[in-house]
RNA sequence: GGGCUCGUGGUCUAGCUGGUCAUGACGCGGCCUUUACAAGGCCGAGGUCGGUGGUUCGAACCCGCCCGAGCCCA
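Residue numbers (our numbering): -2 to 899.
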């Protein structure tokens, strides 16, 4: 049956990634190969734990997810092999505005039209669908995630942790509720934080509006203000002039009358006025922008609210009440024109701050919100950042600059439906804050009762439930605590962790765009709760750009979907590509770059087949290894040591290149060709198998599917096939799943150098000689297996004579004791500038010139070079000789040998 | 507008605690069927290391300015 081949790993035929990859992805998940076994007592020093930021449920998997998770997986797979226990969890961030907007879009509804519970239910349904699809795609990436260890930020356990966090910070005095101007999205009808805003270039108009001065002794009748937002004039509370603005000095201290509305406001001086913009005179409205907020606070101005929470004009706007801001803008401009107050109007484009989730221009509104105090602990958070290892190190600067530039505390309350509620009630009489009891969490104040019957402050017995929910980041900043099972133990009255060995986490991976808020907020929360920095190290990945090095975005239409890539190329090839960039650097996606990975998979497959024909699978170790075989294993030792260091430092690109070069050039091109001529040799058989097993292990973090297939087909499969004697039918379910947890290559020990010693110089020289002979054949258009009559070699190749002779088909190989008969003349003199420079300084130029013009003398007896009135010791220069072979045959020179062909 | 980062053959990159033929891959041209792989092997062409000024005996590497790109923040 054809299913036989598809079901069982084998080296038959060519490498078929489609069959192989889906086979192992399924089996890894089914047999819990990557499960973190939390029952046993774990040693915190060897457990490797990753806290990965849960993807926001707002759409499908993109290249950033693919790249980020692949990098994390390199680390996870290496650590699992090198150190044993790894927790690589996964979560979904589905409690915020992002998933609400997704639900509204998906179902074509508005949250305002539903009861809160009802809308929440719809959110859960939509998110669940998206999550299932996302999970499937994630598993298609071959990441070694423990799918038993997943969470959603909206689930009750996380709600409890989130509310516990709120109570803990409140008790520590690090949270407060305050009425103050906040950034507001009129579309989502909620306060949002700074990080949720982005700039957008929009078309608009500048309007020059005339304001009259009040009073008989006013210095002039009117002045002009330029504004893009005439609908805000009913909210105007003052006018500002720069103290250095000579033209408008006369206005300071006067009173202005607002056109149409007629209310009067003071004219004040302030340095924050931008004199270059418009007329240099500016109105302050509550609120048009952040500057208005500063003025409002600094000058203790009154509050005039002309725009409500849905961007509709209030009664303060008089005739314009009930209009949207856009309608009011046009209407007011028209009326200003009728009144003769509109002096000019012209089109402009300018940057408008919009809510990143819905692209609606934000407003600023005064409202009562909850804040986490962070400004007073800036130094501590900086210190926490310094304590972590940053990969790459340079990314710490971003974190540092972000903290140094902080100006606002963290606003954590949102006026939304779907989210985790604040566990708070307020006394209906005195507004005293009543917190939920820890043991009752999670609670929803809208349906649950407060833990007291009457207000502890004023004894009033009615309470108002807090309707707000937490900012998404207030929860997603708790992922280390969620992953470690943080909770409050009522008996011991202390916080506990189910898996304390995980905390602090070894690694926190993320893109460089979220250092300033997600990583920062996570450090803030965890540090305040536990007093510890939550991560030992953080790895910052770059962004995938399009083939023109430009950011992928929907509006540019240059998005590449992982689905399309994976339909064409093996996952392992995609992973190999993902390993090509230095961690932290942005790099472009170019389809052709995946070909290198495909080629490597094919090479690994074919080399494995060859090894399988050359040597028995379990050869005995011979008492003595021959030089060529010992040389390979000694080189392998070096490679293992280098690779281990690279992986430990998250230098995946270096590891990838080192391994590829050694595997392809040294093992396949050099050693395998030699091994073909030595297949019955026990020493070679042993070296071949040792190297092959090690290569599979070393490649495993990068190419998990291909290495698993080969490993299972060649090494792990032996026992299984032996026990499976009952029938030859492939359709029968085998017990391979049951043992995969033990037999998988991914749970093997990472290779360690075995201490082989060999004459590396001789091996290197022998390879040079072989490659020189290959080149000779190639240049003379000879087949590579053509016989060479007689070859003489001068150079250190002891022990490798047979290798050279056999692989290059040399009939007679002679090792020369002495350098062959050659006539020499000086071709060039190489100077050792690194010692010459410091010693002779500016004299180096003269020395160079002397050599160039031939005005020098080499004293062979003294071993010195005399040039430019200086005497250079023999360690400072090297004489390159032009050799001419005067004997019979052709001479080829390599780095450290001379080869003569007769 | 400010900060951080990046700019190396046609493309993607290594090198960047300064030291003299700048690494490899992909692509391109030529040659060759070694006991796996021709989607392989060998050889070759192709670079004023973004530009410019400076420090130095010497700069891809250090410093200044400029240009382009990305991210973050105004």
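Just so you know, even glycine gets a beta-carbon here, dropped at the ideal spot from N, CA and C.
Here the structure is a predicted model, which means the values were calculated and not measured.
If you look at residue 803, you'll find it in the alpha helix (DSSP H) that goes 798 to 804. In this chain, the beta strand (DSSP E) harbouring residue 220 covers 219 to 224. With contacts defined by Cβ atoms closer than 8 Å, residue 60 and residue 817 do not form a contacting pair.
In terms of CA proximity to residue 492, 527 leads the group 527, 515, 519 and 465. Check the Cα spacing between residue 65 and each of 633, 269, 541 and 479: the tightest is with 541. Residue environment analysis places residue 204 among the buried positions, since at least 16 neighbouring C-beta atoms fall within 10 angstroms of its C-beta.
By the Cβ-count criterion, residue 704 is buried, with 16 or more other Cβ atoms from all chains shown falling within 10 Å of its own Cβ. The segment 325 to 388 contains, as complete alpha helix (DSSP H) runs of 4+ residues, the segments 375 to 384 (chain order). Taking every protein chain shown into account, the CB of residue 680 has 16 or more other CB atoms within 10 angstroms, so this residue is buried.
Taking residue 179 as reference, the option from 77, 656, 366 and 297 with the minimal CA-CA separation is 366. Across the structure, residue 749 and residue 629 are spaced so that their CA atoms are roughly 15 Å apart. If you look at residue 174, you'll find it in the beta strand (DSSP E) that goes 172 to 182. Annotation for residue 414: 108, 113 and 116 place their beta carbon closer than 6 Å to its own, counting only its chain and skipping 5 residues before and after.
Counting only the Cα atoms, residue 308 lies some 8 Å from residue 184. The straight-line gap separating the alpha-carbon atoms of residue 211 and residue 252 is approximately 5 Å.
In the displayed model, residue 65 falls within a helix according to three-state DSSP.
Look at the segment 30 to 117 and you find these whole runs of alpha helix (DSSP H), each 4 residues long or longer: 60 to 80 and 94 to 104.
Where residue 532 is concerned, there is no enclosing alpha helix (DSSP H), although the beta strand (DSSP E) around it starts and stops at 532 to 538.
Under the DSSP assignment, residue 141 falls outside any beta strand (DSSP E); it carries neither an H nor an E label.
Across the structure, residue 513 and residue 529 are spaced so that their CA atoms are roughly 19 Å apart. Around the Cβ of residue 347, a 10 Å sphere holds fewer than 16 other Cβ atoms; the residue is exposed.
Taking a 10 Å sphere around the C-beta of residue 300, we find fewer than 16 other C-beta atoms and assign the residue as exposed. Within the same chain, 51, 52, 53, 54, 150, 469 and 473 come within 7 Å of residue 90 by CB-CB distance, once the 5 residues on both sides are set aside. DSSP links residue 486 through a beta bridge to 491. One Cα belongs to residue 354, the other to residue 707, and the distance between them is close to 47 Å. DSSP lists 282 as the beta-bridge partner residues of residue 233. Within the DSSP secondary-structure output, residue 466 pairs in a beta bridge with 411 and 418. With 16 or more neighbouring CB atoms inside 10 Å of its own CB, residue 594 falls in the buried class.
By alpha-carbon distance to residue 653, the top candidate from 434, 404, 278 and 578 is 578. Closest in alpha carbon position to residue 190, among 8, 696 and 405, is 405.
A residue is called buried once 16 or more other Cβ atoms fall within 10 Å of its Cβ, and residue 410 is buried on that count. The DSSP assignment places complete alpha helix (DSSP H) segments of no fewer than 4 residues inside the segment 497 to 529 at 517 to 527, in order along the chain. When only Cα atoms are considered, residue 467 and residue 374 end up about 22 Å apart. Under the 10 Å beta carbon count, residue 391 is surrounded by fewer than 16 other beta carbons and is classified as exposed.
When DSSP states are grouped into helix, strand and coil, residue 471 belongs to the helix group. In the DSSP secondary-structure assignment, residue 154 is not bridged to any residue.
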